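**Q** Structure in structure tokens, see below.
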Amino acid sequence: SQQGEEDPQALSIQEGENATMNCSYKTSINNLQWYRQNSGRGLVHLILIRSNEREKHSGRLRVTLDTSKKSSSLLITASRAADTASYFCATVADNDMRFGAGTRLTVKP
Amino acid sequence: EADIYQTPRYLVIGTGKKITLECSQTMGHDKMYWYQQDPGMELHLIHYSYGVNSTEKGDLSSESTVSRIRTEHFPLTLESARPSHTSQYLCASRAFGGGETQYFGPGTRLLVL
Numbered sequence: 001s002q003q004g005e006e007d008p009q010a011l012s013i014q015e016g017e018n019a020t021m022n023c024s025y026k027t028s029i030n031n032l033q034w035y036r037q038n039s040g041r042g043l044v045h046l047i048l049i050r051s052n053e054r055e056k057h058s059g060r061l062r063v064t065l066d067t068s069k070k071s072s073s074l075l076i077t078a079s080r081a082a083d084t085a086s087y088f089c090a091t092v093a094d095n096d097m098r099f100g101a102g103t104r105l106t107v108k109p
Numbered sequence: 001e002a003d004i005y006q007t008p009r010y011l012v013i014g015t016g017k018k019i020t021l022e023c024s025q026t027m028g029h030d031k032m033y034w035y036q037q038d039p040g041m042e043l044h045l046i047h048y049s050y051g052v053n054s055t056e057k058g059d060l061s062s063e064s065t066v067s068r069i070r071t072e073h074f075p076l077t078l079e080s081a082r083p084s085h086t087s088q089y090l091c092a093s094r095a096f097g098g099g100e101t102q103y104f105g106p107g108t109r110l111l112v113l
């Protein structure tokens, strides 16, 4: 069963705008990861944030983690049409990885 | 680019046929996984393995079986395919230890007529 729940389920924005996706989870974790999936393909790892970290950056990606609220957010700045994909959060606890249901992001040119 | 491969990429097959979906990784990872995913939907874990001769069922009940005779190879077999098996099947692997990321293959899209 899934641990993380993404919000929103779908998001449509214009190119150049920022996209924010949220992930909530239920139990304590060791780390939280975000993955991207292009249509009909496998998932690709984007970024990992450990339970003792609060924020992490990678290029146009910014991830935050609030362990007190059991939630994380992924911000994609200055979005591009090529960012159109599904984004999944995955929580890791005791060597067990669980994926959320994903947010489907559409970036219109 | 992940060194994890799946074949075939696409398969159309008739009801009742036996099929094997292949998955291989060259990263020496102990952990391997099979997920079932309908287009645009969540991933459902159907099988996993923590090493050679170790296989476990996942969260989603599946009529498929798996084997792990070699570290690098984790095939999934459907003894008798049915239209309800139509889906995308994703294979993944991960090194032992909680901090490692998971690497996914490109997936196999299965259509059972």
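Chains as they are written, first to last, in the working numbering: chain W, 1 to 109; chain L, 1 to 113. A virtual CB, placed ideally from N, CA and C, is assigned to each residue, including glycine. Everything numeric in this text was worked out from a predicted model, so none of it was measured.
(1) Can you check whether the C-beta of L:F74 is within less than 9 Å of a C-beta belonging to chain W?
(2) Applying a beta-carbon distance threshold of less than 8 Å, which residues of chain L neighbour W:A101?
(3) DSSP beta-bridge partners for L:V12?
(4) Who are W:S28's beta bridge partners in DSSP?
(5) Three-state secondary structure (DSSP) at W:L105?
(6) What does DSSP give as the partner residues of W:V92 in its beta bridges?
(7) Taking C-beta to C-beta, are L:P75 and L:S67 nearer than 9 Å?
(8) Could you name the residues of the region 38-69 of chain W whose beta carbon sits closer than 9 Å to any beta carbon of chain L, in the order they occur along the chain?
(9) Can you tell me the Cβ-Cβ gap for W:L48 and W:N31, rounded? I've got them flagged as a contact below 8 Å.
(10) Which residues in the same chain as L:H29 place their Cβ atom closer than 7 Å to its Cβ, once the five residues preceding and following it in sequence are excluded?
(11) From what residue to what residue does the beta strand (DSSP E) around W:G40 run?
(12) For W:A101 and L:L113, I'd like the C-alpha separation in whole angstroms.
(13) Enumerated in chain order, which unbroken segments of the beta strand (DSSP E) with a length of 3 residues or greater are wholly contained in the region 21-81 of chain L?
(14) I want to see whether chain L comes within less than 9 Å of W:C89, judged by CB atoms only; does it?
(15) Of the residues W:I13, W:S73, W:S39, which one's Cα is nearest the Cα of L:G114?
(16) Kindly indicate which three-state DSSP category W:S71 falls into: helix, strand or coil?
(17) How far does the beta strand (DSSP E) with L:S93 in it reach, from first residue to last?
(18) Does W:E25 get closer than 9 Å to chain L when you measure Cβ to Cβ?
(19) From which residue to which residue does the beta strand (DSSP E) around W:E5 run?
(20) With 16 other CB atoms within 10 Å as the buried threshold, where does W:H57 fall?
**A** Quick answer:
(1) For the purposes of this step, residue 74 of chain L is taken as the residue at position 74 of the second sequence. Judged by the 9 Å Cβ criterion, L:F74 is not in contact with chain W.
(2) As a first step, residue 101 of chain W must be located in the first sequence, where it is residue number 101. The contacting residues are M41, E42.
(3) Translated into the one-based positions of the second sequence, residue 12 of chain L becomes position 12. DSSP output for L:V12 lists L:L111 as bridge partner(s).
(4) Taking the first residue of the first sequence as 1, we reach residue 28 of chain W at position 28. W:S28 is not bridged to any residue.
(5) The residue you call residue 105 of chain W lines up with position 105 of the first sequence. W:L105: strand per DSSP, three-state reduction.
(6) Sequence index remark: in the first sequence, residue 92 of chain W carries index 92 (1-based). DSSP output for W:V92 lists W:N31, W:M97 as bridge partner(s).
(7) The residue given as residue 75 of chain L occupies position 75 in the second sequence. The residue given as residue 67 of chain L occupies position 67 in the second sequence. Yes, they are a contact pair.
(8) S39, G40, R41, G42, L43, V44, H45, L48, R50
(9) Here residue 48 of chain W refers to the residue found at position 48 when the first sequence is read from its first residue. Here residue 31 of chain W refers to the residue found at position 31 when the first sequence is read from its first residue. That belief holds up - the Cβ atoms of W:L48 and W:N31 are roughly 6 Å apart, short of 8 Å.
(10) Along the second sequence, one-based indexing puts residue 29 of chain L at 29. These residues qualify, in order along the chain: S93, R94, A95.
(11) Taking the first sequence and counting its residues from 1, one reaches residue 40 of chain W at position 40. Looking at the DSSP string, W:G40 is not in any beta strand (DSSP E), and its letter there is neither H nor E.
(12) As a first step, residue 101 of chain W must be located in the first sequence, where it is residue number 101. As a first step, residue 113 of chain L must be located in the second sequence, where it is residue number 113. Their backbone Cα atoms lie some 27 Å apart in a straight line.
(13) 31-37, 44-51, 54-57, 76-78
(14) Stepping through the first sequence from its first residue, residue 89 of chain W is reached at position 89. Output row for W:C89: interface = no.
(15) Because chain L is modelled from 1 through 113, residue 114 of chain L falls outside the range shown and cannot be assessed.
(16) In the first sequence, the residue the question calls residue 71 of chain W occupies position 71. Strand at W:S71.
(17) Numbered from its first residue, the second sequence carries residue 93 of chain L at position 93. Segment 87-94, the beta strand (DSSP E) holding L:S93.
(18) Position 25 of the first sequence, counted from the first residue, corresponds to residue 25 of chain W. Residue 25 of chain W is actually Tyr in this sequence, not Glu. No, W:Y25 does not count as interfacial toward chain L.
(19) The residue labelled residue 5 of chain W in the question sits at position 5 within the first sequence. First-last of the beta strand (DSSP E) with W:E5: 5-7.
(20) As a first step, residue 57 of chain W must be located in the first sequence, where it is residue number 57. Counting Cβ neighbours within 10 Å, W:H57 comes out exposed, since fewer than 16 surround it.
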